[in-house]
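One structure below.
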Amino acid sequence: MASPDPTLRTGKVATGPSGSLSLSALLSIKRQVASLARELGRWAKERSDAHQRGDFDLGTHAKTAPGDVVTEIDVEVQRRLVGALGAAYPTFGMLGEEDLGHAKGTDFSGPTWVIDPIDGTQNFVRDYPGFCVSIGLVDNGESVLGVIYDASTDATFWAVKGGGAWRNDARLHVAADKALDHAVLTTGLTTGSEANPLQQPVFAELTARSAGMRQSGSSCRDLCFAASGKVDLFWQFGIRAWDVAAGIVLVTEAGGIVALSSGPNALQSGALSSNWVGTEKLTIVAGTKRLASHVVSIIQQHGQR
Ligand code: IPD
Ligand code: CA
10 MASPDPTLRT GKVATGPSGS LSLSALLSIK RQVASLAREL GRWAKERSDA HQRGDFDLGT
70 HAKTAPGDVV TEIDVEVQRR LVGALGAAYP TFGMLGEEDL GHAKGTDFSG PTWVIDPIDG
130 TQNFVRDYPG FCVSIGLVDN GESVLGVIYD ASTDATFWAV KGGGAWRNDA RLHVAADKAL
190 DHAVLTTGLT TGSEANPLQQ PVFAELTARS AGMRQSGSSC RDLCFAASGK VDLFWQFGIR
250 AWDVAAGIVL VTEAGGIVAL SSGPNALQSG ALSSNWVGTE KLTIVAGTKR LASHVVSIIQ
310 QHGQR
C-alpha cells in the first residue's frame with residue numbers, strides 16, 4: 010500500500026459568538042478536508058482499478074451479513090482519515106463506519122467527525138459506478154460541513170453551513186419543487202431497510218405514485234444527486250449517521266430540507282438533537298421542500314395503520 014499518509018495543517022479553530030464554528034473556520038477546514046477526501050478517493054479508485062485488472066486483492070470479507078462487505082481499502086482509508094483529522098483537530102470527536110461504529114452511549118454534542126471511508130462498498134468491489142469518500146462534521150446535532158468525493162466522476166461535492174452547496178466550484182441547487190407524480194426519487198434497498206415493516210408498503214406507494222424510483226448503491230451519492238437536482242428526493246429506512254452526515258448539509262445548503270428520525274412516526278426537520286448520530290437505524294427523507302413534506306406525511310400515515 011504505497012502513498013504516504015496524508016497530513017493536515019493544525020490550526021486554532023475560530024468559533025462564533027456562541028462557541029459554534031464560524032463560517033470562515035468552516036471554509037478553512039473544508040479546504041483541507043476536500044483535498045484529503047480527493048487524495049484518498051483517488052488512491053482507493055486506483056486500488057479498485059488494479060483489482061479489476063487482477064493485479065491486486067482488495068481483501069474483501071463479510072461483516073454483519075454475507076451481503077454487508079468491507080475491504081482492506083475501507084479500513085485503510087478510515088485509518089488515514091482518522092490519523093489526519095485526529096492530528097489536525099484533536100478536540101473533535103470521531104465516528105467512522107469501520108471499527109469506530111460503536112456509538113451507543115457516546116456524547117456527540119461537541120464537534121464530531123462522522124466519516125464513511127468508502128460509501129458504496131459493493132459498488133467499489135464490483136466497479137459499479139459510484140463509490141464515495143464521505144466526511145461530515147456534526148456540531149451539537151447539526152451537520153455543519155460535508156465533503157463527498159465521488160470517484161465515478163472525480164468530483165468533490167461540499168457544503169458548509171451558511172456557505173452554500175457546491176460541486177467543485179459550481180454552485181448547486183435542488184430541483185424546482187414538483188408534485189409527487191412528476192418527481193424522480195432515489196432510495197437504498199438493504200437488509201437494514203427491509204427490517205423496517207414500513208419498507209414494502211412505502212416503497213410500493215412511492216414507486217406507484219412517482220415518476221420513477223432509482224437506486225445508486227451509495228447513499229452519499231444519492232444525497233449529491235438530490236442536492237444537484239438530478240433527483241427530487243432521497244429516502245431510506247435503516248441507515249446510519251455516516252451514510253448521511255455529510256450529505257445532510259449539502260441538501261439543506263442547496264435549498265432542500267432533510268427530515269431524519271430513529272422511528273417512522275417521528276420524522277422531523279430542522280435542528281436535531283445530537284443523539285441521531287449514535288442511532289442505529291435512521292429514517293431519512295431529503296429533497297425539495299413541499300415534496301419532502303409530502304413524502305414524510307405518507308410515511309407517517311403508513312406508521313399509523
Ligand atoms: C451503504 C450504501 C447504500 C445504502 C446502505 C449503506 P456502505 O453504505 O450507502 O447505498 O443503501 O444503507 O449501508 O455500507 O456501502 O458504506
Ligand atoms: Ca462504508
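For what it's worth, the numbering used here labels the leading residue of the sequence shown as 10, then goes sequentially.
The beta carbon of each residue, even a glycine, is placed where N, CA and C say it ideally should be.
Note the first and the last residue of the continuous beta strand (DSSP E) segment covering A164. 164–169
Is the segment 208–223 close to the segment 158–168, with three or more CB pairs under 8 Å? no
Please classify G145: is it buried, with 16 or more other beta-carbons within 10 angstroms of its beta-carbon, or exposed? buried
Which residues, in chain order, sit with a beta-carbon under 7 Å away from any heavy atom of ligand 1? D77, E106, D125, I127, D128, G129, T130, Q131, G197, L198, T199, G201, S202, S225, G226, S227, S228, C229, D231, Q245, G247, I248, R249, D252
Host alpha helix (DSSP H) of Q61 (start-end): 32–61
Determine, using beta-carbon pairs with one atom in the segment 60–74 and one in the segment 165–185, whether at least three such pairs fall under 8 Å. no
Cβ of D83 versus every heavy atom of ligand 2: is any distance shorter than 7 Å? yes
Which word fits A74, buried or exposed, when buried means at least 16 other C-beta atoms lie within 10 angstroms of its C-beta? exposed
Beta-bridge partners of V79, as assigned by DSSP: H70
For S33, count the other beta carbons within 10 Å of its own beta carbon; 16 or more makes it buried, fewer makes it exposed. Which is it? exposed
Beta strand (DSSP E) containing L189: first to last residue? Premise fails: L189 is in no beta strand (DSSP E) and is neither H nor E.
Check for me: the beta strand (DSSP E) holding L291 runs from which residue to which? 291–296
Classify E289 as buried or exposed, calling it buried when 16 or more other Cβ atoms lie within 10 Å of its own Cβ. exposed
Is E203 buried or exposed, if buried means 16 or more other CB atoms sit within 10 Å of its CB? exposed
Give a single yes or no on whether G221 has its beta carbon closer than 7 Å to a heavy atom of ligand 3. Ligand 3 is not among the ligands present in this structure, which contains only ligand 1 and ligand 2.
Cβ-based burial, S228 [other Cβ within 10 Å; buried from 16]: buried
Go ahead and label K170 buried or exposed: buried means 16 or more other beta carbons lie within 10 angstroms of its beta carbon, across all protein chains shown. buried
Taking C-beta to C-beta, are Q224 and T195 nearer than 8 Å? yes
Looking at V304: is its Cβ nearer than 8 Å to the Cβ of V294? yes
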